[in-house]
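Asks:
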Amino acid sequence: MRDTDIDPPRPTFVTVGQSFATDARRAVLEASCALNLAATRFVLALVPEGLDRDALAAALDELVDGVPVFGCTTAGQIGTDGYQTDALLLIGFRKENFHCASALFAPLKPISITKIVETADRQNTQFTHTPGWNRLALVFADGLSKQEDLLAAVLESALEHVPVFGGSAGDGLCFKETFVLHQGRFHANAALLLLIETDLHFQGLSFDHFLPTGKQLVITEANPEERLVHEINGAPAAQEYARLVGCVVEDLSPEVFAENPMLVCHGAKHYVRAVADVRPDMSLSFLAAIDDGLVMVLGRGKEVIETLEAELDVRDPQGRSPDFILAFDCVLRKLEFEQKRLVGQVSDVFRRRRVLGFNTYGEQHRGLHMNQTFVGIAFFDRGAQRIRWT
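Using full-length UniProt numbering, read the sequence shown as starting at 1 and increasing by one per residue.
So this is what it looks like as structure tokens:
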């Protein structure tokens, strides 16, 4: 028997339920049956494209027994068997190990820096600190708001020593509308801030599988507010990008963008600036901040599975593996893996590493908004005797 055929032990500090039902109420009923709600502090609901949101919110309110539910719409889910596309995923966080407080920023666009700072500071101050526990923040933002760059930077500054992780809500591959879930309702043009305290140790992760090439791209005309690039190297953006990639404009697609990303250098490290689509006027629509004069280079991929195994092989100071990893994984990574027929292998790595989360329209890590990146938080047992949920 191969190691990959052996089921890994279940996480101790979260329970997980999922359903592929297309009826919202039935999906909640099936997924919530796997949760120990009496022992649950809060639930993350990661929602596939196509479920009726109003019916889903009503069903969660009715069937999750008064436990607070937060979450967002997604571009895919990462469940107990790895990548999923059409699953309602519910993750219940153990009451004995987690406390939480939440805030909603709405409307997110136009963004109010003052309001975000005041709200985040107030929530952080009023959220009673438990001695010996660790604090972090999760942010779930409207993935089409084009405000995540500023939001991530403002929250990282406002919350000072609290690390901020998160993902932009998705809409499958439709890119039409995205929502966050807070206090029993789905909200568009909004962002959810979830402050979490835990007695577990945690470690942040952020990685991709690209290296810079020598092919340089300079943005020579752009609309930063709309994340639109009209010219690259003095030529129509889509035309110049296609030339450097080695294809014609008509062949540009999400799969081509995923496999040939543009990278920017920040703090001696390269980050992906992903393209969402090509506009009729030959401009490129980006999923993260761009500006006139920005210098980028084309990226080339490293070995995917080897990189994934190495980056997820994290340990605590005692050399122990995580109990689970909460993940924000860009949908463009999944598209590339599908194109290369690697989804099964990647899902197996996720299953063995107990990775849970969703596919995003962008990722946030320590004040930066990025694309085509895996951002995660690895949670570790502090070493006390483990008590399994019953």
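Glycine included, every Cβ here is placed at the ideal spot set by N, Cα and C.
1. Compute the distance between the beta-carbons of arginine 341 and glutamine 372, then report whether it is under 9 Å.
2. By how many angstroms is the C-alpha of valine 375 removed from the C-alpha of valine 164?
3. Relative to the C-alpha of leucine 108, which residue among Ala141, Ile91, Leu90 is closest?
4. With glutamate 255 as the anchor, note down where its alpha helix (DSSP H) starts and where it stops.
5. Please tell me whether arginine 273 and methionine 262 are closer than 9 Å, where the distance is taken between their beta carbons.
6. Spell out a yes or no on whether the region 169-182 and the region 359-367 are touching, meaning 3 or more CB-CB pairs, one atom from each, closer than 8 Å.
7. Provide the residue(s) that pair with tyrosine 83 in DSSP beta bridges, ordered along the chain.
8. For leucine 244 versus leucine 298, is the C-beta distance shorter than 9 Å?
9. Taking a contact to mean a Cβ-Cβ separation below 9 Å, would you say leucine 181 touches glycine 71 in this structure?
10. State buried or exposed for cysteine 265, treating a residue as buried only when at least 16 other CB atoms are found within 10 Å of its CB.
11. What would DSSP say about aspartate 171, mapped onto helix, strand or coil?
12. Under a three-way DSSP split, which group does lysine 215 fall into?
13. When DSSP labels each residue in this structure, what does alanine 271 get in the three-state scheme?
14. Mind pulling the alpha helix (DSSP H) runs of 4 or more residues that sit fully within the region 124-170?
15. Please list, in chain order, all residues of the same chain as isoleucine 290 whose beta carbon is under 7 Å from its beta carbon, the five residues on each side excluded.
16. DSSP on phenylalanine 380, reduced to helix/strand/coil?
17. For the beta strand (DSSP E) that contains glutamine 239, what are its first and last residues?
18. Under 9 Å between the Cβ atoms of threonine 73 and valine 47?
19. Name the DSSP bridge partner or partners of cysteine 100?
20. For alanine 276, does the three-state DSSP call read helix, strand or coil?
21. Can you look up glutamine 372 in the DSSP assignment and give me helix, strand or coil?
22. How far does the alpha helix (DSSP H) with threonine 40 in it extend, from its first residue to its last?
23. In angstroms, rounded to a whole number, what distance separates the CA positions of threonine 319 and arginine 382?
24. Can you tell me whether glycine 344 is buried or exposed? The criterion is at least 16 other CB atoms within 10 Å of its CB, across all chains shown.
25. Assign proline 9 to buried or exposed, taking buried as 16 or more other Cβ atoms, counted over all protein chains shown, within 10 Å of its Cβ.
26. Can you tell me which of Gly293, Val14, His201 puts its alpha carbon nearest to the alpha carbon of arginine 94?
27. Compare the Cα-Cα distances from glutamate 148 to each of Gln183, Asp121, Ser112, Leu173 and report the closest residue.
28. Would you identify the three-state DSSP class for aspartate 121, choosing helix, strand or coil?
29. What is the DSSP secondary structure of threonine 12, counted as helix, strand or coil?
30. Helix, strand or coil, according to DSSP, for alanine 55 in the structure here?
31. Which residue or residues does DSSP assign as beta-bridge partners of asparagine 359?
Replies: Judging by the given coordinates:
1. Their beta carbons are not under 9 Å apart, which means arginine 341 does not touch glutamine 372 by this criterion.
2. Straight across, the Cα-Cα distance linking valine 164 with valine 375 is about 11 Å.
3. Ala141
4. 254-259
5. yes
6. yes
7. Ile78
8. yes
9. yes
10. Residue environment: cysteine 265 is assigned as exposed (fewer than 16 neighbouring CB atoms within 10 Å of its CB, all protein chains considered).
11. Strand.
12. Note: lysine 215 maps to strand in three-state DSSP.
13. In the sequence under discussion, the amino acid at residue 271 is tyrosine, which differs from the alanine named in the question. Strand, per DSSP.
14. 148-158
15. Ile219, Ala222, Pro224, Arg227, Val229, Arg273
16. Phenylalanine 380: strand per DSSP, three-state reduction.
17. Boundaries around glutamine 239 are those of the alpha helix (DSSP H), 237-245, since no beta strand (DSSP E) includes it.
18. yes
19. Bridge partners of cysteine 100: Ile196.
20. Here DSSP, grouped into helix, strand and coil, assigns alanine 276 to strand.
21. coil
22. Per DSSP, threonine 40 belongs to no alpha helix (DSSP H); it is in the beta strand (DSSP E), 40-47.
23. One point to set straight first is that residue 319 is glycine, not threonine, in the sequence displayed. For glycine 319 and arginine 382, the distance between alpha carbons rounds to 12 Å.
24. exposed
25. exposed
26. Val14
27. Ser112
28. Under the three-state reduction of DSSP, aspartate 121 is assigned to helix.
29. coil
30. helix
31. Asp329
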